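Numbering (UniProt numbering), first residue to last: 1 to 203.
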């Protein structure tokens, strides 16, 4: 990648997260539709499945999910410079907005119009997160096994006082075990097929 193309890519990454950051209400998962629109549908840089994996990984490390995901995506696209560009694009708008809103909210939080505004914002955030969950589910829930794993994880999160990271780690372990089991079955089937061919040729 030449210098001009590299700077152009970094600029696109920075601007993309600069646009995403101010409208990422409700946490990192609310940004999934925006990430898909910016990097999957428009740029074709990242697959939908990768976005789901990145968001899951971002929750297993300390820090904001949104910032972690931005840094990871930036690194995925342009290594360390991309990570820096994505992180700056994600952090700058929210830092400015939170300072302004904090000053505004602390000064006017007692006003009925402000309280009424938050009554409308909260359910809108829930709807945004639900929409993100539906979009993610289409990429993550692909067969009976993933349906069962998703249902089990949801039940555990709802009724067991456990940190979500442990649920993610358990899902990773189960996925590895299932992957190994599937590979063994495929190898066994291939060996049986090879044995049949050798037997047929021997006759």
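Every residue, glycine too, gets a C-beta built ideally from N, C-alpha and C. None of the values given here were measured: they were computed from a predicted structure.
(message) Report the start-end ranges of each alpha helix (DSSP H) in the segment 32 to 68 that is 4 residues or longer and not cut off at the edges.
(response) 32 to 35 and 48 to 59
(message) Using a Cβ-Cβ cutoff of less than 8 angstroms, which residues in the same chain neighbour residue 40 once the five nearest sequence positions on both sides are dropped?
(response) For this step, residue 40 is matched to residue 40 along the chain shown. Cβ neighbours of residue 40 beyond the five flanking positions: 46, 47, 48 and 51.
(message) Quick check: residue 13 and residue 55, are their CB atoms within less than 8 angstroms of each other?
(response) Residue mapping note: residue 13 aligns to position 13 of the chain shown, counting from 1. Residue mapping note: residue 55 aligns to position 55 of the chain shown, counting from 1. Not closer than 8 angstroms, so no.
(message) What does the alpha-carbon distance come out to for the pair residue 91 and residue 70?
(response) Taking the first residue of the chain shown as 1, we reach residue 91 at position 91. Taking the first residue of the chain shown as 1, we reach residue 70 at position 70. Spanning the two alpha carbons is a distance of roughly 10 angstroms.
(message) I'd like the list of long-range same chain contacts for residue 31, defined as Cβ closer than 8 angstroms, with 5 residues on each side in sequence excluded.
(response) Along the chain shown, read from residue 1 onward, the residue named residue 31 stands at position 31. Within the same chain, residue 31 has close Cβ partners 20, 24, 66, 69 and 132.
(request) Indicate whether residue 17 and residue 83 have their beta-carbon atoms separated by less than 8 angstroms. (result) As a first step, residue 17 is located in the chain shown; it is residue number 17 there, counting from the start. As a first step, residue 83 is located in the chain shown; it is residue number 83 there, counting from the start. No. Outside cutoff.
(request) Count the other C-beta atoms from every protein chain shown that fall within 10 angstroms of the C-beta of residue 124, then say buried if there are 16 or more, exposed otherwise. (result) The residue you call residue 124 lines up with position 124 of the chain shown. With fewer than 16 other Cβ atoms within 10 Å, it is exposed.
(request) Using three-state DSSP, classify residue 186 as helix, strand or coil. (result) Counting from 1 along the chain shown, the entry for residue 186 is found at position 186. In the structure shown, residue 186 sits in a helix (DSSP, three-state: H, G or I).
(request) State the Cα-Cα distance for the pair residue 186 and residue 161, rounded to the nearest angstrom. (result) Here the question's residue 186 lines up with position 186 in the chain shown. Here the question's residue 161 lines up with position 161 in the chain shown. Computed Cα separation, rounded: 38 angstroms.
(message) Using the Cβ count rule (16 or more neighbours within 10 Å means buried), how would you classify residue 73?
(response) As a working note, residue 73 is residue 73 in the chain shown. Its Cβ being crowded by 16 or more others within 10 Å, residue 73 is buried.
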